[in-house]
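Each remark here refers to the structure printed beneath this line.
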Amino acid sequence: MPTTLGELYDTAGHHLRVAAAAPPLPGDVQEQAVVLRLLDELLGHVQSTLESAGERPRRLNPGPATPLAVARNALRRTARRLPAPAPPDSAGRYDAPLGRAVQAAAVVRDLLAGHHGQDGAPVTPYALAFTERSARAYLVHRSADLAGGAAHVVRALGRAATGEAATVQLHLARTNLDHAFVSGRAAGEHRNPALAAFPLALPLAPRPALPTDPADTLSAHLSDDCERLSRAAFESLHGRGERALSGSDLGQMARWLAMGNLLSGRLLLHVAAHADAETAEGLREAADRLRTAAQAWQHSASRWHRIVDLTDPRAHPALPLPDYQLVRSGRFTPMPRTHPHPALLIARASTTRLGQLLYGTDWTPETPKPRPEQRDALEILADTGGLAGLTQTLYRTTATGWQLAAAMPVTVRRIESTLVTDNIDHRPPDATHRFYPLPGHQAGRLAEHYEKVTEAEQAAAASLVRTAPRTGMDTARARLDMAAHRHIRSGQPWLPLETAVPQGTETERPSARAARARSTTVARAAPRPTAGGAQPSHLREVQQPQLPRRSHGR
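So the sequence shown is residues 9 to 562, counted in our numbering.
Structure (structure tokens):
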């Protein structure tokens, strides 16, 4: 099943070519009516996609929207001259190649709309990619391809038409579709081909890792987990979503991500033994980067050891049993039982699938030691689509880790007022209870440590992308990440161009902190977020120094 924007467009174009090769019979007016209505529906979906890219029918518009509207009106005039299709034909019309092309075009529209909420606000970082002109040019370019395929179907339909009026209208429709194809291809000259990897936005509905899952489906399930975690990270970064991440969620998620990076590194080391020397060296370097990222996540998890979130105290230090008199007097209140955030369950399932890929589908994080025997490397490569598919899957996991690490500091600042600690090192002298509010400098250090996690995940992702010339990994998703993530926070890039596109010489990668320091669009962060959530730094106003006013005497 196609799950990316490019795959959907390719599917629709393929079915249009098949439909053009099998035109309806000249005397079958019922079939001709079905084809005309399917073509009108197809062009309606294409028009909706063009409108999302800013292309609308205008008198002086050189783009494809205007001739597309003229062609659609001509097809409707032709359809009115034919009898309406019978109900059986209308019900089964989507089984034909042209009907499948219509369904693929409809899914394109739904895929783009799925990255926005009901209020129109983006819910994934990839929705921000279409703020660039090159991304909109990609939609115009691929929509023009569908218009060209529809022109071939109309040409084949014109040969089967018998009436002179229908022939004239079909000729008008074909001419305008050809015009839309040519103008759309010209307008999409500066398109961004990385938009072909534009993903499907999935809801935050965790799918547990079951031992009954076939091994060859683990890679696809891992990709779905990454899409869900990407959405959770973006919603947490901008204070959206039905439920916010708590302190317990952040601490436990860091442990799962640390384990996931360790398992990813072991996978690379395991398959490196069956690769050539140069490829194996790149895989071992990526495994070392993943190990560093795992250590950074584990260090960040250890900082939550003595911290409790009052709104979600699932993770807390060991507490003494209550006194009998305290319980009998009714002054003892048990800890509230809360449910984990869906992102935490997704992170656990993703880590479990990585372990199942390495050790077998019966493996779980609770599997007792000693460590089970690893699967045969050739079987792992067969289940993941070869070395290219394995590196692509592991890149997706570490890219998702970067998104989560980028969202953690903002999340910590948002829940800072509900955090307490029993750390004796910073206990204020006037504290009367074991737990006291978390000091501001401790919360600052807790948030700043995710900076190191971000840099470690960036380095791991870049090292995996650099193996693409040897492993055959598709870098379209890395290019899409580079285009989308530059809008997350101004001054903090995702992957630099020289690392996202493998080059002959390696250049030094600037750190995220240095990039933000050089940025002129990042304003000084306030110590507390506003009630509406923290805003992206590229939307904040930069405070300019005010010059003294000159007084005017009378």
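Glycine residues also receive a C-beta, built at the ideal position from the N, C-alpha and C atoms.
Note: Pro-445 is bridge-paired with Val-428 in the DSSP secondary-structure output. Pro-34 counts as exposed, since fewer than 16 other C-beta atoms from the protein chains shown sit within 10 angstroms of its C-beta.
CA-CA distance, Ala-155 to Pro-222, rounds to 40 Å. Under the Cβ criterion (8 Å, minimum of three pairs), the stretch 75 to 93 counts as touching the stretch 47 to 54. Between the alpha carbons of Arg-478 and Leu-398 lies a gap of roughly 13 Å.
Between the alpha carbons of Ala-396 and Pro-91 lies a distance of about 53 Å.
Note on geometry: alpha-carbon atoms of Arg-297 and Leu-165 lie some 58 Å from one another. Secondary structure note for Ile-315: its beta strand (DSSP E) is the uninterrupted segment 315 to 317.
Inclusion of Val-428 and Phe-443 in the CB contact set at 9 Å is warranted, their separation being smaller than that value. According to the DSSP assignment, Leu-265 belongs to the alpha helix (DSSP H) that extends over 255 to 280. Secondary-structure assignment with DSSP links Pro-130 through a beta bridge to His-124.
Assignment of Trp-371 by DSSP, reduced to helix, strand and coil, places it in the coil class. Under the three-state reduction of DSSP output, Ala-467 falls in the helix class.
The DSSP-derived three-state label of Asn-184 is helix. In the three-state scheme derived from DSSP, where H, G and I count as helix and E and B as strand, Arg-345 is classed as coil. Per DSSP, Phe-138 lies in no alpha helix (DSSP H) segment and is marked neither H nor E. Ala-414 and Val-190 have their C-alpha atoms roughly 42 Å apart. The DSSP-derived three-state label of Thr-74 is helix. The stretch 231 to 251 and the stretch 322 to 340 do not touch, with fewer than three beta-carbon pairs separated by less than 8 Å.
In the three-state reduction of the DSSP assignment, Asn-200 falls in the coil class. At a Cβ-Cβ threshold of 9 Å, Thr-405 and Leu-291 do not count as neighbours.
Taking every protein chain shown into account, the CB of Gly-157 has 16 or more other CB atoms within 10 angstroms, so this residue is buried. DSSP places His-324 in the coil class of the three-state scheme, outside both helix and strand. Judged by their CB atoms, Ser-254 and His-349 are nearer to each other than the 9 Å cut-off. Leaving aside the five residues that flank Gln-306 on each side, the residues in its chain whose CB is nearer than 8 Å to its CB run, in chain order, Ala-262, Arg-263 and Ala-266.
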